[in-house]
Each structure stands twice: as C-alpha cells, then as structure tokens.
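In order, the protein sequence lines correspond to chains R and X.
First residue of the first sequence: 1, per this note's numbering; consecutive thereafter.
First residue of the second sequence: 1001, per this note's numbering; consecutive thereafter.
Cβ coordinates follow ideal geometry from the N, Cα and C atoms, glycine included.
As the structure is a computational prediction, the values presented were derived from the model and not from experiment.
Input: a single structure, listed below in structure tokens.
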Amino acid sequence: MSSAADYTILELDRVNFSYSKDKEFIRDLTLSVGNGEFIGLLGANGSGKSSILKLASGILKPAKGKINLWGKSLHMYRNKDRAKLLCYLPQLLDINIRFRVRELVSMGLYPYDIPPGINADEALELVGLADKADSFLTYLSGGERRRAFLAMTLLQGAGLLLLDEPLANLDIKYQLEILKLLKNLQEKKNISILMALHDISIALQFEKVMLIKEGQILGFGTPDKILTEDLLKKAFDVNIDISKDDTGGMYINYRNSF
Amino acid sequence: MTRVKISIFVSVCFLICIASWFFGPRFISPFSMNPAEREILFFIRLPRVIVAALMGIALGASGAVLQAILRNPLADPYILGISSGAALTATLGLLSGGLIAGKFGIPVSALIGASFVSIVVGAFGWRRGGIWPERLLLAGVGLGFLFHALLMLLISVSSDEAVRRTIFWIFGDLSVADWSVIPYGSALVIAGLLLSIFRSKALNALMLGDELAHSLGFSVHKERLMLFISVVTMTAASVSLGGTVGFIGLLIPHVVRFFVGVDNRTLIPVSAVCGGAFLCMADMIGRTVFSPMEIPSGIITALIGSPYFLYLLRKRDVLGG
C-alpha cells in the first residue's frame, strides 16, 4: 500500500493534554507520521483518537510537549500556511446548509491568494462526484458527502490528511469506496494520512496501525504485530480472535466473545 | 444565479431608491422643479432616502452575517439586545428634552446606548479567548429583555406626547432624518459593510463549523470577533439613524438566499442592496398612502414583507441554510 517513509512530516513529542484540571487525558504521547504513510489510529470510543487528531491539527493546544510539522513547531505557522500543509476533517459532517457541492469544494482554495493546481471540477472528478457538482450538499448521501469534503481537501492541496472516523455511519459499500479513494490518493499523490477508526476489520487493511487506549499508545506497527488478542483485549476490553485463512489473510472471529 | 441576473437585481434595487426620492405625497419631476420643490427634494427627501438606504443596507447585511455566525435562521440584528439598549437611551434623550446629546438628541443618545450594549453583550459572549455563538445569543436575549423592561417602565411614567414620539421612533421613524446624521451614519455603515464583505470567506468557513474553519486556515475566534464588530457597528448605526425597523434584518437575508444561494460573498452585498431598496420603498409608501399622516416604516416593511416571505416559504424551503 505504501512505501516506507523517508522523512517525517508530523511529529508529536511527549505531548500532554487534559480537558479538566484534575486528570491528564493524554500523557507523554509520542508519535510520528512519515511521508506517504497511511496510518490507522484504532481504539474504542473515548480512547483519545479524536483528541490526538485535534492536537495534531492545532485545534487543541498541548499543555506540555512539542508538535512539529515539517520540522517546525505547528503553532509557529500562520494559519493559512498551515492549512496548505495539513488538513483535518472532523467526524460529523452533517452540515445542514444549502451550499452547492462545487461551492463547498471551492472553499479548499481559501488558504490561497493564487489558486494552485487543480480546480473544483477536477477534484470532483477525482472523487467520482463530477455529476453532483451543482447539487445541494444537503441532498447527498453520507458517502457522497464524505467524498465531497475529501474533494475540498484535495483542492486545499495539503500533503497530510488527519481524518476523524471518515467511515463512521456509512454502509460497507461506502466504507470501501472511501477507503479505496484514500488509498488511491496516498499512492498517486503521495499524501500522508492519519485516520481514526474503531472497526478492527477495517484496521486489518492498513499497512500500519496505532492502537490507542486512554490517550496512550498500546502498540504501533503492522496489523499482524499489533492486532493480537492480548493487545485488542487491552484496547477494547473484549475477547477477540484474529484468525488467518489459507492464503494468510487475517480475519476476525467473534465466536468466543459472546 | 448568474452575474447578469445579480446585476439586473441590483440595478432594480438602485432604481427603487431613486424612485423613492421623487415619489411621495406628491410626485416631483426632476426636470421641472420650482424652488420650493427643489428645497423639498434636496433638504427633506434626499437625506431621508439616504438614511433609509443606509439603515436597510445595515440591517440586510448584518442580518445575513448574524444568521451565519449564530448558525440560527431566526437571528436578526436586534436579537443581541442592541436595539433595546438604543431604544432605552434614545427614549431617555427624548424625555430629557434634548438635555442628553443636545441637538443631535435621538441619534447620538441611541448610538451611545447601542455601543454600550454591544460591549456588554460582547463581554458576556466572551470566554476562553473568544466569542461563543450560544453565549452571545443568550446574553443578547437576556439583556434585550432587561432593557425592554426598563424602556416600558420609562414609557409608563412619561407624558403623552413624549410617549407618542418614542413609540413612533421604536417602530422606525425616518421623519427626523436630515443631513446632519448622514456623515457619521454612512461612515459606520460602510465600515461595517466592508468589514463583513472582506471577512465573507471566513464566514462561509465558520458555517461549516469551527474545526473545518480552522482547517481551512482561519483563526476562528479572531474572525468571529471581527464579524461581531461588523454586525454591532451596522446595527448601532441603523438604530441610531431611525429607530428599530423590523423584518429587514430577519427575513431579507432569507429571501435573498432564495435567489442567490448561501455563499456569503454574494449574499452579504445583495442583502445589503436589497435591504436598502426595500426600506426606501417602505418609507415612500409610509409617507404617501395616508398623507399628510405618516406610517412608521417598520410597520410597512412587516405588512408587505411578511406575506411575501410566507408565500416564498410555501413555494420553497427558504430556511434550509
């Protein structure tokens, strides 16, 4: 799926963060995302995936620790300059505003004074929504809406995408469509992706997975190393069997979980 | 809506403003005026048309901005309590018989009240380094009720003539408009309008939510503060120029959205132009139909505008964003 990273784009170094004064939610978190990497951030609800993505995007500010983007402190960037390098998409995109799809996608050019690269129609073509350019955003299905926002990020031209549960609440067909689109972007445009998810069967498709619990990294590596019964038990607090089929492909077996 | 259609739309609005200058209790032809008619045209009607246009521009644009900032289709410029504060101080100005703010009486005392409430509502809406829409809205509603109650108290203990003038002013009274208020009124309205137009991209992004606005390269708190300043500047100017005219700030942006869409880069200027033309037309009708008696513009805007808005609502969903 991806070649090994040859340089680091995003780096979180011993980052601490808390929502309340009495308890630290994230403690000494260290992680890095390399050029062209596609990393799945896997964890149960409330494990801290969204908070990590918000810290990495600059929406939340760490109490301690450093966050570097292309070797420079994230908070030293001007907002517009940061937006050209890093793009964050939140989990909830149920925006009930009658923007036309082309209008929404064109907002990806807002950080620029002079539009670079592709235009909105080309971005819509890439995500397979060319025929919906003049439709209202509110009329799109969940999967189409995700793709419209991804087209906006394409126009934004950032080399790093931070995606919070982009497959949540989608049918399996749309989940696979979005995943295929993201893999395509990563391979063809060498975009790095850090993506939160909670579905273990989807995590099996990633080259690298970071397993999260209570704001801590339980493990980071290839799925066959990380998605073990022990670590999954720690992360999700249930017994999950990971089996291999005749071809070596991994699949989940919930038989002993009930 | 294409650029050509928007140009036609704006041209029609401009023509309405011009027409409201010549039409009134009697039509004055610009080609054959006697000295008395010239006096009426340039010293009574023209400042009045300019004040109506300025107020309508301010209300249309600030309504569009506020509905987007608060993400609430029911928001209008008066929801922040600014009009109640202005009405209270203007009434104090009226009842004091010019003791407050001298010959500028109503406009200046209203501007003082509007500015004071803007600062207070902004302070209540401020938390953790920025303005929060929900806090702003609730603070505005709370302060509005407080000032409204004080206003009613003041009116209930006042003499008949002062009360009548106050009530006229509250419903939008343009009969006091003259050239003296136009320099400061136009300066404030144009400053607020330009600020909101320059920040319209940020407003579009804020409509997607704070996180997406951040991701698109905007400083959420800074942009919201700038837009709040643009709204309170325009609203304070409008209220001080001619009282509280209803309908325009709430419904004109919805009507305009129906024709030009939700992109604030188009919506704000077109709402401004449309608001200006609509108030000019309402004022012209108000001073004409029961001449020599005048109907406050706020009553005319609501009487004409509300049925038209309900017709649009029935025809198509205009509130969907």
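- Each residue's CA atom was taken as its position, placing Met1207(X) and Ala1068(X) some 6 Å apart.
- Taking 8 Å as the Cβ-Cβ cut-off, the stretch 107 to 127 of chain R approaches chain X at Met107, Gly108, Tyr110 and Pro111, given in chain order.
- Across the structure, Asn96(R) and Arg1314(X) are spaced so that their CA atoms are roughly 19 Å apart.
- C-alpha of Ile172(R) to C-alpha of Lys180(R): approximately 12 Å in a straight line.
- With contacts defined as CB atoms closer than 8 Å, Leu211(R) and Gly43(R) qualify as a contacting pair.
- No Cβ-Cβ contact shorter than 8 Å links Ile1079(X) with Val1120(X).
- In this structure, DSSP gives Ala1302(X) a helical state, which the three-state scheme calls helix.
- Gly142(R) is outside the set of residues whose beta carbon lies under 8 Å from a beta carbon in chain X.
- Excluding sequence positions up to five before and after Asp28(R), its CB lies within less than 6 Å of the CB of Arg14, all in the same chain and listed in chain order.
- Non-local beta-carbon contacts of Gly1242(X) in its own chain, meaning distances under 7 Å to residues more than five positions away in sequence, involve Val1051, Met1055, Gly1172, Asp1173, Leu1174 and Ala1177 in chain order.
- Setting aside the 5 residues that flank it on each side, Gly1192(X) is surrounded in the same chain by Ser1230, Thr1233 and Met1234, each with a C-beta closer than 6 Å to its C-beta; the list follows chain order.
- Against Lys49(R), chain X offers no close residue; the least beta-carbon distance is about 15 Å (beta-carbon pairs closer than 8 Å).
- Each residue's CA atom was taken as its position, placing Lys1201(X) and Val1220(X) some 12 Å apart.
- For Ala1236(X), there is no enclosing beta strand (DSSP E); the enclosing alpha helix (DSSP H) has its first and last residue at Val1220 to Gly1242.
- Closest in alpha carbon position to Thr1002(X), among Gly1276(X), Ile1268(X), Val1065(X) and Val1260(X), is Val1260(X).
- Chain X has no Cβ within less than 8 Å of the Cβ of Tyr139(R).
- One Cα belongs to Val1004(X), the other to Cys1280(X), and the distance between them is close to 24 Å.
- Spatial neighbours of Pro1030(X) in its own chain (CB-CB distance under 8 Å, excluding positions within 5 residues in sequence) are listed in chain order as Phe1022 and Leu1041.
- Collapsing the DSSP output to three states places Arg1135(X) in a helix.
- The three-state reading of DSSP puts Met195(R) in strand, counting E and B together.
- When secondary structure is reduced to three states using DSSP, Trp1126(X) falls in the strand class.
- For His75(R) and Asp81(R), the gap between their C-alpha atoms comes out near 11 Å.
- Taking 8 Å as the threshold, the shortest C-beta distance from Lys80(R) to chain X falls below it.
- Here DSSP, grouped into helix, strand and coil, assigns Ile9(R) to strand.
- In summary, Thr222(R) is exposed, with fewer than 16 beta-carbon neighbours lying within 10 Å of its beta-carbon over all protein chains present.
- Every beta strand (DSSP E) of 3 residues or more that sits fully in the stretch 149 to 203 of chain R is shown, in chain order, as 160 to 164 and 192 to 197.
- For Ser243(R), the enclosing beta strand (DSSP E) stretches over residues Asp241 to Lys244.
- Of all residues in the stretch 1183 to 1213 of chain X, only Lys1201, Ala1202, Asn1204, Ala1205, Met1207, Leu1208, Gly1209, Asp1210, Glu1211 and Leu1212 come within less than 9 Å of chain R when Cβ atoms are compared, listed by chain position.
- Not one beta carbon of chain X lies nearer than 8 Å to the beta carbon of Ser73(R).
- Look at Ile97(R): its C-beta is under 8 Å from a C-beta on chain X.
- One Cα belongs to Ile1295(X), the other to Gly143(R), and the distance between them is close to 54 Å.
- In this structure, the beta-carbon distance from Phe1258(X) to Thr1301(X) does not fall below 8 Å.
- Residue nearest to Lys49(R) within the set Thr8(R), Asp164(R), Met250(R) and Pro115(R) is Asp164(R) (criterion: CA-CA distance).
- When the beta-carbon positions are compared, Leu1216(X) and Ala83(R) come within less than 8 Å of each other.
- Contact fails between the stretch 1012 to 1020 of chain X and the stretch 235 to 247 of chain R, because fewer than three Cβ pairs, one in each stretch, are under 8 Å apart.
- Residue-level contact by beta carbon fails for Leu1066(X) and chain R, as no gap is shorter than 8 Å.
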